[in-house]
Each structure stands twice: as structure tokens, then as C-alpha cells.
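*Asks:* Got a structure for you, questions after.
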Amino acid sequence: AQERKQRTACEAREADARNKQKACEAKLAEKELEWAKNEQLIASVRQMIGGSALQPDVAMSSAQEAAPNQRSRSGQPEAEEEVAAPSTDVPEQEDDFDSDCLSDDEIGDGLQQAFMKAPEKDAAMKEAEEKQAQEELARKEAEQQRALEEEARREREEAARRERAEEARREREKKIAEDKQAAMRKAEEKRAQQEAASRREADARQKALQEMAKRKFEEAKRTAAPDAELPHGTGSDSAASSGNTDLFQLSPEQAEDDATKEAEEKRAQEESKKKAEAEAFQKAAEERQKAEAERQAAEEAERKKKAEEEEAARVEAARKAAAERQRVVEEAERKKAEEEAAARVEAERKAEAERQRVVEEAERKKAEEEAAARVEAERKAEAEGQRATEDAAEEAAR
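Here the UniProt record's numbering is used: position 197 in the sequence shown is 197, and no number is missing along the way.
Okay, structure coming up:
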């Protein structure tokens with residue numbers, strides 16, 4: 001998850017860098033277009049300042065084209081038009097030359113119009129820049145919204161995956177518990193079967209003991225019957241009769257009781273032994289179940305702690321990523337605003353410098369023309385004075 005957050009942040013930074021590069025390229029293209037427009041404006045102003053006087057051959061051709069049109073409208077014959085044409089060419093040429101020259105008022109009007117149009121162009125450019133900035137901001141907001149939606153989608157998928165994993169874990173634990181319960185039931189059934197088999201075996205042994213006691217009693221009775229007919233007082237016979245008398249003293253009920261007691265004691269011992277074994281087995285099973293429950297509780301606590309840590313890390317990473325995206329967006333907007341402000345200041349400075357240069361160029365040309373006109377007037381006056389002096393000298397000589 002941390003690597004995915006870092007990769008998302010890197011992709012966002014790369015996207016911002018690409019967008020910034022595109023914005024710089026667009027801004028450069030706009031500046032180039034602005035420079036081209038300024039150059040066109042400067043060229044037009046220079047053309048208005050320099051004038052567009054016609055060449056002599058162009059003026060002559062225009063005069064020749066204008067003269068037939070005037071004569072055709074007056075209704076005179078073609079021969080008279082040809083005779084009268086040479087006498088009217090020079091004045092028309094002079095009129096066309098004078099009309100094509102720009103006066104100082106016209107030059108001033110052209111400069112004033114150019115300067116009046118410059119703020120309108122600047123306003124239009126500023127409006128276009130603001131519109132582009134708004135579009136760029138809207139695009140960045142849309143990209144940020146898409147990134148947030150993608151992050152939310154990934155979080156939902158991660159939550160669904162964790163939910164599926166938790167459900168699978170619960171299913172596994174349930175199956176393990178069911179298997180344990182089934183094993184305990186099988187062990188209990190097996191123990192019950194063993195106890196039943198033990199009881200059957202004890203009953204069979206008790207029955208066998210009773211049969212054996214009964215057989216012994218019958219044998220002792222049969223053995224004692226012939227000795228009872230002999231006279232008493234002989235050594236061996238009296239010993240045998242005394243021994244048989246001891247055996248004969250046990251009645252069948254007493255022999256059966258003794259055998260039953262012995263069998264019951266043995267069975268009680270076996271049952272106590274089996275009970276102790278069952279209690280030990282039950283205690284061991286309870287201990288194992290308790291240890292397993294404690295282990296599951298510890299694992300559950302560890303899983304919950306790990307899940308909480310992962311959730312906290314994910315929230316912190318999301319917060320840091322959002323803060324980084326916000327910082328990148330704010331930094332980009334700040335840099336863009338600074339660049340736009342610097343570009344506007346530079347454009348205004350260049351436009352003001354260009355206007356100042358155009359004005360100075362116009363004033364310099366006007367001063368040069370005035371100086372040339374003064375020099376020409378002085379030269380003419382000097383030549384006129386020289387000619388007048390020479391005429392006066394010739395008159396005096398005559």
C-alpha cells in the first residue's frame with residue numbers, strides 16, 4: 001500500500017510537470033504571436049512615418065490612366081485628347097506626388113491610432129491569458145478529482161479484499177472448530193465404546209468366576225462325600241476329613257458372594273483406573289482447547305492490531321499524498337501566477353519601450369526633416385543673396 005501511494009504521488013508529480021511544460025510551450029507560442037503582432041504594428045507605424053510616395057514612372061502611368069478617363073467623360077474627340085495630353089501630364093504628376101506624401105498631421109494621427117489600439121490588444125491578450133489560466137485550473141481540478149476518485153476506488157477494492165480475507169479466515173476457523181468438535185465427539189464415542197467393552201468384559205469375568213466357584217464347590221462336595229462314610233480317628237483320613245470339612249464349610253452362596261466381591265473389586269479398580277484415564281484425557285483435551293482458544297485470541301488480537309496499524313498507515317499515506325498534491329498544485333499555481341505577472345510586466349515594459357522608441361524615431365525624423373528644410377532654405381537664401389549681389393555688381397558695372 002505504501003509503494004502504491006508513493007507511485008501515485010510520483011505519477012501526480014509527473015503529470016503536473018508535463019502540464020507545466022505544456023503551459024510553458026503554450027505561453028511561449030502566445031509570446032511569439034504577440035511579438036509578431038508588435039513587429040507588424042511597428043512596421044505599419046514605420047510605413048506611416050516613412051511615407052509611401054510613388055515612383056516617377058508609377059506616377060506617370062497613373063496620370064496617363066487618369067487623363068483619358070477625364071477626357072472621355074468630357075465628350076471631346078480623340079485627336080484633341082492626344083494633342084492636349086502632353087500639356088496636362090506634368091501638373092497631374094505633381095498633384096499625384098503631392099497627394100501621396102504624408103503630412104505631419106497624418107503621421108501624428110497614425111501614431112495616435114496605433115497607440116490607442118495598443119491597450120485594446122493588451123486587454124484582449126490579458127483576457128485570453130486569464131481564460132487559459134482558468135481552463136488550466138479547471139483541468140487540474142478535474143485531474144485531482146479523477147485522482148481522488150481512483151484513490152477511493154482502490155480503497156474500496158482494498159476494503160472488499162480485506163473483508164473477503166476476513167470472511168475466509170472466519171470460515172477456516174469455523175471449519176477447524178467443527179473438525180475439533182467432531183474429533184472430540186469421536187473420542188467420546190470411542191471412550192464410551194471402550195467403557196462398554198470393559199463392562200462387558202468385567203461381566204464376563206464375573207460370570208466366569210461365579211462358574212469357576214460353582215465348579216470348585218461341586219468338586220469339593222463330590223470329594224467330601226466318600227470320606228464322610230469312613231470312621232473317624234485315622235491319621236490321613238482324619239486330616240483329609242478335616243481339610244474337606246474346611247472346604248465343605250463354604251456354602252454355595254458364600255462362595256458366590258466371595259467371587260462376586262472379588263470381581264466387583266477388580267471391576268471397581270478397572271473402572272477407577274479408566275475413570276482416572278478419562279479424567280486425564282478430558283483434562284488434557286480441556287487444556288488443549290484452552291491453549292487453542294488463547295492462541296486464537298492472541299492471533300485475533302495481533303490481526304486486529306496489524307489491521308489497525310495498516311489502516312492508520314493507509315490514512316496517513318492518503319493524507320500525505322493529498323497534502324503533497326495540494327502543495328504541488330499550489331506551487332504550480334504560484335509559479336504560474338509569478339510567471340504571468342513577470343510576463344505581463346515584461347510585455348508592458350517592452351511595449352512602453354517600443355512606443356517610446358517609435359515616438360523618438362518619429363521626432364528624430366521630423367527634426368532631421370526640419371533641419372534639412374532649414375538648411376535648404378538657408379542655401380536657397382544664400383544663393384539668392386549671391387545672385388542678387390552678382391546682379392547688383394553687373395548692374396553697377398554696366
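All C-beta atoms, glycine included, are put in the ideal place defined by N, C-alpha and C.
For Glu310 and Ala36, I'd like the C-alpha separation in whole angstroms.
*Replies:* On the sequence shown, residue 310 is found 310 positions in, with the first residue counted as 1. On the sequence shown, residue 36 is found 36 positions in, with the first residue counted as 1. Their Cα atoms are separated by approximately 59 angstroms.
*Asks:* Can you tell me whether DSSP reads Ala1 as helix, strand or coil?
*Replies:* Your numbering for residue 1 matches position 1 in the sequence shown. Looking at Ala1 - three-state DSSP - the assignment turns out to be coil, as it is neither helix nor strand.
*Asks:* Excluding the 5 residues preceding and the 5 following Glu369 in the sequence, name in chain order all residues of the same chain whose CB lies nearer than 7 angstroms to its CB.
*Replies:* Here residue 369 refers to the residue found at position 369 when the sequence shown is read from its first residue. Cβ neighbours of Glu369 beyond the five flanking positions: none.
*Asks:* With distance defined between alpha-carbon atoms, name the residue in Ala197, Leu148 and Ala307 nearest to Arg162.
*Replies:* Position 162 of the sequence shown, counted from the first residue, corresponds to residue 162. Checking every option, the nearest Cα to that of Arg162 belongs to Ala307.
*Asks:* Specify the secondary structure class of Arg185 as computed by DSSP and reduced to three states.
*Replies:* As a first step, residue 185 is located in the sequence shown; it is residue number 185 there, counting from the start. Helix, per DSSP.
*Asks:* Report, in whole angstroms, the separation of the C-beta atoms of Gln2 and Ala317, which I expect to be a contact under 8 angstroms.
*Replies:* The residue you call residue 2 lines up with position 2 of the sequence shown. The residue you call residue 317 lines up with position 317 of the sequence shown. With a Cβ gap of about 6 angstroms, Gln2 and Ala317 count as contacting.
*Asks:* Go ahead and pull the three-state DSSP assignment for Arg314.
*Replies:* Sequence index remark: in the sequence shown, residue 314 carries index 314 (1-based). It is helical.
*Asks:* Is there contact between the region 332-340 and the region 188-203, where contact requires at least three CB pairs shorter than 8 angstroms?
*Replies:* Touching, no, given that fewer than three Cβ pairs across the two stretches are closer than 8 angstroms.
*Asks:* For Glu398, which three-state DSSP category applies?
*Replies:* The sequence position of residue 398 within the sequence shown is 398, counting from 1. According to the sequence shown, residue 398 is Arg rather than Glu. Coil at Arg398, not helix or strand.
*Asks:* So, using beta-carbon positions, are Val315 and Ala12 closer together than 9 angstroms?
*Replies:* To locate residue 315, count along the sequence shown from 1; it is residue 315. To locate residue 12, count along the sequence shown from 1; it is residue 12. The answer is no: Cβ separation not under 9 angstroms.
*Asks:* Glu149 to Lys186, Cα distance in whole Å?
*Replies:* Translated into positions along the sequence shown, residue 149 becomes position 149. Translated into positions along the sequence shown, residue 186 becomes position 186. The alpha-carbon atoms of Glu149 and Lys186 are separated by roughly 55 angstroms.
*Asks:* List the whole-angstrom C-beta distance separating Ala26 from Gln144, where the pair is believed to meet the contact cut-off of C-beta under 8 angstroms.
*Replies:* For the purposes of this step, residue 26 is taken as residue 26 along the sequence shown, with counting starting at 1. For the purposes of this step, residue 144 is taken as residue 144 along the sequence shown, with counting starting at 1. Contact doesn't hold; Cβ gap of about 20 angstroms is too wide.
*Asks:* What's the C-alpha gap between Glu390 and Glu384?
*Replies:* As a first step, residue 390 must be located in the sequence shown, where it is residue number 390. As a first step, residue 384 must be located in the sequence shown, where it is residue number 384. Using only the alpha carbons, I get a separation of about 10 angstroms.
*Asks:* Are the beta-carbon atoms of Arg325 and Ala147 separated by less than 9 angstroms?
*Replies:* Against the sequence shown, residue 325 aligns to sequence position 325. Against the sequence shown, residue 147 aligns to sequence position 147. Yes, the pair counts as a contact, with Cβ atoms nearer than the cut-off.
*Asks:* Could you give the distance in angstroms between the alpha-carbon of Ala367 and the alpha-carbon of Gln47?
*Replies:* By one-based count along the sequence shown, residue 367 stands at place 367. By one-based count along the sequence shown, residue 47 stands at place 47. If I take the Cα positions, the gap works out to 18 angstroms.
*Asks:* State buried or exposed for Ala353, treating a residue as buried only when at least 16 other CB atoms are found within 10 Å of its CB.
*Replies:* Within the sequence shown, the letter at position 353 stands for residue 353. Exposed, because fewer than 16 other Cβ atoms sit within 10 Å of the Cβ of Ala353.
*Asks:* Within a Cβ cutoff of 6 angstroms, which residues of the same chain sit near Glu265, ignoring the five residues on either side of it in sequence?
*Replies:* As a first step, residue 265 is located in the sequence shown; it is residue number 265 there, counting from the start. Same-chain partners within the cutoff: there are none.
*Asks:* Is the Cβ-Cβ distance between Glu173 and Gln296 less than 9 angstroms?
*Replies:* Here residue 173 refers to the residue found at position 173 when the sequence shown is read from its first residue. Here residue 296 refers to the residue found at position 296 when the sequence shown is read from its first residue. Yes, these two residues count as a Cβ contact at 9 angstroms.
*Asks:* Count the other C-beta atoms from every protein chain shown that fall within 10 angstroms of the C-beta of Ala281, then say buried if there are 16 or more, exposed otherwise.
*Replies:* In the sequence shown, residue 281 corresponds to position 281, counting from 1. The sequence shown places Phe at residue 281, rather than the Ala named in the question. Looking at its Cβ environment, which holds fewer than 16 other Cβ atoms inside 10 Å, Phe281 is exposed.
*Asks:* Is the beta carbon of Asn38 sitting closer than 9 angstroms to the one on Ala351?
*Replies:* As a position in the sequence shown, residue 38 is number 38, starting the count at 1. As a position in the sequence shown, residue 351 is number 351, starting the count at 1. Yes, the pair counts as a contact, with Cβ atoms nearer than the cut-off.
*Asks:* Check whether the Cβ atoms of Ala9 and Ala321 sit closer than 9 angstroms, and answer yes or no.
*Replies:* The sequence position of residue 9 within the sequence shown is 9, counting from 1. The sequence position of residue 321 within the sequence shown is 321, counting from 1. Going by C-beta atoms, Ala9 is nearer than 9 angstroms to Ala321.
*Asks:* Just confirm the distance between the C-beta atoms of Met184 and Ala285, as a whole number of angstroms; I'd bet it's less than 8 angstroms.
*Replies:* For the purposes of this step, residue 184 is identified with residue 184 of the sequence shown, where counting begins at 1. For the purposes of this step, residue 285 is identified with residue 285 of the sequence shown, where counting begins at 1. Their Cβ separation, rounded to whole angstroms, is 6 angstroms, which keeps Met184 and Ala285 in contact under 8 angstroms.
*Asks:* Should Val45 go down as buried or exposed, given a rule of 16 or more other Cβ atoms within 10 Å for buried?
*Replies:* To locate residue 45, count along the sequence shown from 1; it is residue 45. Counting Cβ neighbours within 10 Å, Val45 comes out buried, since at least 16 surround it.
*Asks:* Using a Cβ-Cβ cut-off of 8 angstroms (strictly less than) and excluding sequence neighbours within five positions of Glu167, which residues of its own chain qualify?
*Replies:* For the purposes of this step, residue 167 is taken as residue 167 along the sequence shown, with counting starting at 1. Excluding positions up to five away in sequence, the list is empty.
*Asks:* Whose CA, out of Ala29, Ala372, Gln289 and Arg357, lies closest to the CA of Asp179?
*Replies:* Here residue 179 refers to the residue found at position 179 when the sequence shown is read from its first residue. Ranking Ala29, Ala372, Gln289 and Arg357 by Cα distance to Asp179 puts Gln289 first.
*Asks:* Please report how far the alpha carbon of Arg215 lies from the alpha carbon of Lys275, in whole angstroms.
*Replies:* Start at 1 with the first residue of the sequence shown, and residue 215 comes out as number 215. Start at 1 with the first residue of the sequence shown, and residue 275 comes out as number 275. Near 34 angstroms, if we compare the C-alpha coordinates of Lys275 and Arg215.
*Asks:* Straight-line CA distance for Arg7 to Arg154?
*Replies:* Your numbering for residue 7 matches position 7 in the sequence shown. Your numbering for residue 154 matches position 154 in the sequence shown. So the two alpha carbons sit approximately 13 angstroms from each other.
*Asks:* Considering only the beta carbon of each residue, do Glu195 and Ala278 sit closer than 9 angstroms?
*Replies:* Indexing the sequence shown from 1 puts residue 195 at position 195. Indexing the sequence shown from 1 puts residue 278 at position 278. Yes, they are a contact pair.
*Asks:* My guess is that Ala347 and Glu34 are in contact by the Cβ rule of under 8 angstroms, so how many angstroms apart are they, rounded?
*Replies:* Residue 347 sits at position 347 when you count from the first residue of the sequence shown. Residue 34 sits at position 34 when you count from the first residue of the sequence shown. Right, the Cβ-Cβ distance comes to about 7 angstroms (below 8 angstroms), so this counts as a contact.
*Asks:* Among the residues of its own chain, which have a CB less than 8 angstroms from the CB of Ala128, if the five just before and after it don't count?
*Replies:* The sequence position of residue 128 within the sequence shown is 128, counting from 1. Excluding positions up to five away in sequence, the list reads Glu30.
*Asks:* What residues in its chain sit with their C-beta under 8 angstroms from that of Arg4, if we drop five residues either side in the sequence?
*Replies:* Against the sequence shown, residue 4 aligns to sequence position 4. Correct list, in chain order: Arg154.
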